[in-house]
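Novice: Dumping the structure here so I can ask a few things about it.
Numbering (this note's numbering), first residue to last: 1 to 658.
The following block contains the structure:
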């Protein structure tokens, strides 16, 4: 008799394992991958590197996993793996380990550690990596003068203290050599085919208002001369060398495209000629991804290009899915999906025979898969949570399509408990960005809420990616209109279907979702509880205090505060906060420089002053989105508070009280 499945509970969060990175061996026969686990006795998160044969599925653990061993990179001969590890000290260092077995050898001893994924030179004699060039940390108790346009950045703190640059070191040991000497954050090194240059991403430029936007550059390793590749043209989010060494393939967009517009795949010549777009007719654009609620790999800064330079393989977000496309790099524009389905597929690498990719669904955090280059003969390589998930009750999922207020079709999903009967108390969970999306990716908060008896409504409102530029750029200068009405239309839709109880509604969201949560409670009293996390509530102060404030606010609203003060006021939830009657719990990371604490503090004070029920959960030493991949105590506190607040107010049918 099969074991009875049980609903998900909040304690299950740290029972799950997560595949974080993966890389194919040069012969394409073996994948190295990193898996995170939580030791519940020590309350410590560790990462181990494993190997799996892509043909047989046979697995072997390569590192002990007593520390954080991450970012595996194969040597060209397939005999060694370079990786980053915290095994011997708190700061991560570069190690190399034989694939056949044996002790790992430490290559670096930087006082502030190293970062990023190590990259082997084509001949295997040298490894490129990144590290902070400052040997001694600044005394933070002493006065400090700043000169950068953006001097403090989310999850990094003061940039002068932490910006990294690129080094190279002999793979058999020796002295590391710094190859770039500036004040930028230089990351993602990629060896040219002849091994004489490195392509890399430069961010955190001292004199720009958009420091997170990558500028791709090439450094000559002999002369150390640096030349710009994309700065005058646009922004590139991911890049790869073409085999001729004279071109790169680039995922990005020109400077004149609006925020939220799609990225494309381009071929860029190093001689400075105009880049050639290879996906102009692809409506949804290249790159992007869905927003899960779990530690995740993030977006890669590279992608595979075939050895003959004819083809690239890239991720493409189509609505609530992420698929893998094959794109021709020359001749007529040609592209096709090779890996599809209702899931989120993230490309990890390719050989001359195989694609390696990570797959997540609404019911699984994710595993490694591989397939032939045409997408055929797909096979699952790992099943890191199979046994644990087998004992859990999975929500029922309804796919939603409904008209927004102006008749435009909007997509969403309703997750419902397997136990109980509709209509369910329902929580509207709003994604961030706002140029992001929900869909077929694992969301633990949704699973937990369903386990507690709630239905969870997730909607890709106007501004979401994956539906074309007209959809994703529709709220420029008009936040709180079409996006808000799309969400309310979705709520009305599931109520009309008989799935959601109109008297028991809650709302929550992170970042842009926090912004809309705060907006909603200033516009309507239909929700019984709200939990905005790290929100934007006041565009004027956000402009001056956020690490992306000047660039992001002017792009989203259409100008500077002194130019369009009425738009800044109209689009700020703080303008309407005095009307709020909804019991509201604000969750705020104290080291969040994306949506700084003062954003929550203003909203909190206004609600208090107007006698609305409000509390604020402060998360010490926490950056933006720390509830997804921050310290274990932070993730735990967030989930406990979210569930408690919804239980406290949504389940009461007596309505809101002041």
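Note that CB positions come from ideal geometry on N, CA and C, so glycine has one too.
1) Buried or exposed, going by whether 16 or more other CB atoms sit within 10 Å of the CB of residue 140?
2) Below 8 Å between beta carbons: does that hold for residue 547 and residue 153?
3) What are the complete beta strand (DSSP E) segments, minimum 3 residues, inside the stretch 538 to 569?
4) Where residue 254 and residue 290 are concerned, what is the direct C-alpha to C-alpha distance, given to the nearest angstrom?
5) Does DSSP put residue 19 in a helix, a strand or coil?
6) Return the Cβ separation of residue 132 and residue 106 in integer angstroms, given the expectation that the two are a contact with Cβ distance under 8 Å.
7) Give me the Cβ distance between residue 16 and residue 388, rounded to the nearest whole Å; I'm assuming they're in contact under 8 Å.
8) Alpha carbon to alpha carbon, how far is residue 276 from residue 327?
9) Restricting to Cα atoms, I'd like to know which of 150, 588, 21 is closest to residue 544.
10) Look at the Cβ atom of residue 78, then the Cβ atom of residue 52, and state whether they are nearer than 8 Å.
11) Is it right to say residue 581 is buried, meaning 16 or more other beta carbons lie within 10 angstroms of its own, or is it exposed?
12) Give me the Cα-Cα distance between residue 338 and residue 359, rounded to the nearest whole angstrom.
13) Just checking my contact of residue 624 with residue 517 at CB under 8 Å: how many whole Å lie between their CB atoms?
14) Hey, out of 158, 179, 126, 122, whose CA is closest to residue 138's CA?
15) So what's residue 322 in DSSP terms, helix, strand or just coil?
16) Kindly indicate which three-state DSSP category residue 70 falls into: helix, strand or coil?
17) Report the residue from 104, 219, 70 whose alpha carbon sits nearest the alpha carbon of residue 118.
18) Less than 8 Å between C-beta atoms, sequence neighbours within five positions excluded: which residues of the same chain meet that for residue 641?
19) Answer yes if the stretch 215 to 235 comes into contact with the stretch 172 to 186, meaning at least three C-beta pairs across the two stretches below 8 Å, and no otherwise.
20) Exposed or buried, which one is residue 654 when buried takes at least 16 other CB atoms within 10 Å?
21) What do you get for residue 494, buried or exposed, if any count of 16 or more other CB atoms within 10 angstroms of its CB means buried?
22) Can you give the beta carbon distance from residue 400 to residue 415, rounded, assuming they're within the 8 Å contact cut?
23) Going by DSSP in three states, residue 284 sits in which element: helix, strand or coil?
24) Flag this pair as touching only if the stretch 490 to 505 and the stretch 421 to 430 have three or more C-beta atom pairs under 8 Å; answer yes or no.
25) For a test of your reading of the model: does the CB of residue 477 fall under 7 Å from any non-hydrogen atom of the ligand PLP? Yes or no.
26) The alpha helix (DSSP H) spanning residue 458 covers which residue range?
27) Relative to the alpha-carbon of residue 66, which residue among 75, 57, 54, 34 has its alpha-carbon at the smallest distance?
28) Spatial neighbours of residue 189 within its chain, please: CB distance less than 6 Å, with the 5 preceding and 5 following residues excluded, ordered by chain position.
29) Can you tell me whether residue 658 is buried or exposed, with buried defined as 16 or more other CB within 10 angstroms of its CB?
30) Pick helix, strand or coil for residue 659, following the three-state DSSP scheme.
31) Quick check on DSSP: helix, strand or coil for residue 645?
32) Between residue 461 and the rest of its own chain, which residues show a CB-CB distance below 6 Å, the 5 nearest in sequence each way excluded?
33) Under a three-way DSSP split, which group does residue 609 fall into?
34) Residue 418 and residue 393: beta carbons closer than 8 Å?
35) Report back the beta-carbon spacing between residue 603 and residue 537 to the nearest angstrom; my notes put them in contact at under 8 Å.
36) Using CA atoms only, rank isn't needed, just tell me which of 68, 390, 557 is closest to residue 5.
Specialist: By the coordinates alone:
1) Translated into positions along the chain shown, residue 140 becomes position 140. The residue is exposed, with fewer than 16 neighbouring Cβ atoms inside 10 Å.
2) One-based indexing of the chain shown puts residue 547 at position 547. One-based indexing of the chain shown puts residue 153 at position 153. For residue 547 and residue 153, yes; Cβs fall inside 8 Å.
3) none
4) Here residue 254 is taken as the residue at index 254 of the chain shown, counted from 1. Here residue 290 is taken as the residue at index 290 of the chain shown, counted from 1. If I take the Cα positions, the gap works out to 23 Å.
5) The residue you call residue 19 lines up with position 19 of the chain shown. It is a strand residue.
6) As a position in the chain shown, residue 132 is number 132, starting the count at 1. As a position in the chain shown, residue 106 is number 106, starting the count at 1. With a Cβ gap of about 18 Å, residue 132 and residue 106 do not count as contacting.
7) On the chain shown, position 16 is the one that residue 16 refers to. On the chain shown, position 388 is the one that residue 388 refers to. With 8 Å as the limit, residue 16 and residue 388 qualify as a contact, their Cβ atoms being about 7 Å apart.
8) By one-based count along the chain shown, residue 276 stands at place 276. By one-based count along the chain shown, residue 327 stands at place 327. Cα to Cα, residue 276 sits roughly 13 Å from residue 327.
9) Taking the first residue of the chain shown as position 1, residue 544 is located at position 544. The option with the nearest alpha carbon to residue 544 is 150.
10) For this step, residue 78 is matched to residue 78 along the chain shown. For this step, residue 52 is matched to residue 52 along the chain shown. Going by C-beta atoms, residue 78 is not nearer than 8 Å to residue 52.
11) Numbered from its first residue, the chain shown carries residue 581 at position 581. Counting Cβ neighbours within 10 Å, residue 581 comes out buried, since at least 16 surround it.
12) Within the chain shown, the letter at position 338 stands for residue 338. Within the chain shown, the letter at position 359 stands for residue 359. Distance between the alpha carbons of residue 338 and residue 359 is about 14 Å.
13) Reading the chain shown from its first residue, position 624 is the one you call residue 624. Reading the chain shown from its first residue, position 517 is the one you call residue 517. Incorrect: roughly 16 Å between the Cβ atoms, too far for contact.
14) Here residue 138 is taken as the residue at index 138 of the chain shown, counted from 1. Among 158, 179, 126, 122, the Cα nearest to that of residue 138 belongs to 158.
15) Sequence index remark: in the chain shown, residue 322 carries index 322 (1-based). Residue state, collapsed to three classes: strand.
16) The sequence position of residue 70 within the chain shown is 70, counting from 1. Correct three-state label for residue 70: strand.
17) Counting from one through the chain shown, the residue named residue 118 turns up at place 118. It is 70.
18) For the purposes of this step, residue 641 is taken as residue 641 along the chain shown, with counting starting at 1. Excluding sequence neighbours, residue 641 sits near 531, 585, 587, 617.
19) yes
20) The sequence position of residue 654 within the chain shown is 654, counting from 1. In this prediction, residue 654 scores a pLDDT of 48, lower than 50, which makes its location untrustworthy; the coordinate-derived value is nonetheless stated afterwards. Its Cβ having fewer than 16 others within 10 Å, residue 654 is exposed.
21) Here residue 494 refers to the residue found at position 494 of the chain shown. So residue 494 ends up on the buried side.
22) Here residue 400 refers to the residue found at position 400 when the chain shown is read from its first residue. Here residue 415 refers to the residue found at position 415 when the chain shown is read from its first residue. The Cβ separation is near 11 Å, so there is no contact.
23) As a working note, residue 284 is residue 284 in the chain shown. Coil, per DSSP.
24) yes
25) As for the ligand PLP, it is missing from this structure, which has no ligand bound.
26) For this step, residue 458 is matched to residue 458 along the chain shown. Counting along the chain, residue 458 falls outside any alpha helix (DSSP H), though it belongs to the beta strand (DSSP E) covering 455 to 460.
27) Within the chain shown, the letter at position 66 stands for residue 66. If we check each option's Cα against that of residue 66, 34 comes out closest.
28) The count along the chain shown starts at 1 and reaches residue 189 at position 189. Correct list, in chain order: 119, 128, 166, 198, 200.
29) The residue given as residue 658 occupies position 658 in the chain shown. The predicted model places residue 658 with a pLDDT of 31, which falls under 50 and marks its position as unreliable; any figure quoted below should be read in that light. Exposed, by the Cβ-count rule.
30) With the chain covering 1 to 658 only, the question about residue 659 has no answer from this structure.
31) Looking up residue 645 in the chain shown gives position 645. Looking at residue 645 - three-state DSSP - the assignment turns out to be helix.
32) As a first step, residue 461 is located in the chain shown; it is residue number 461 there, counting from the start. Around residue 461: 483, 486, 487.
33) Working through the chain shown from its first residue, we reach residue 609 at position 609. DSSP places residue 609 in helix when its eight states are reduced to three.
34) Working through the chain shown from its first residue, we reach residue 418 at position 418. Working through the chain shown from its first residue, we reach residue 393 at position 393. Yes, the Cβ-Cβ distance between residue 418 and residue 393 is below 8 Å.
35) Residue 603 sits at position 603 when you count from the first residue of the chain shown. Residue 537 sits at position 537 when you count from the first residue of the chain shown. At roughly 4 Å, the Cβ-Cβ gap stays under 8 Å, so residue 603 and residue 537 are in contact.
36) The residue you call residue 5 lines up with position 5 of the chain shown. Residue 390 is the option with its Cα nearest to residue 5.
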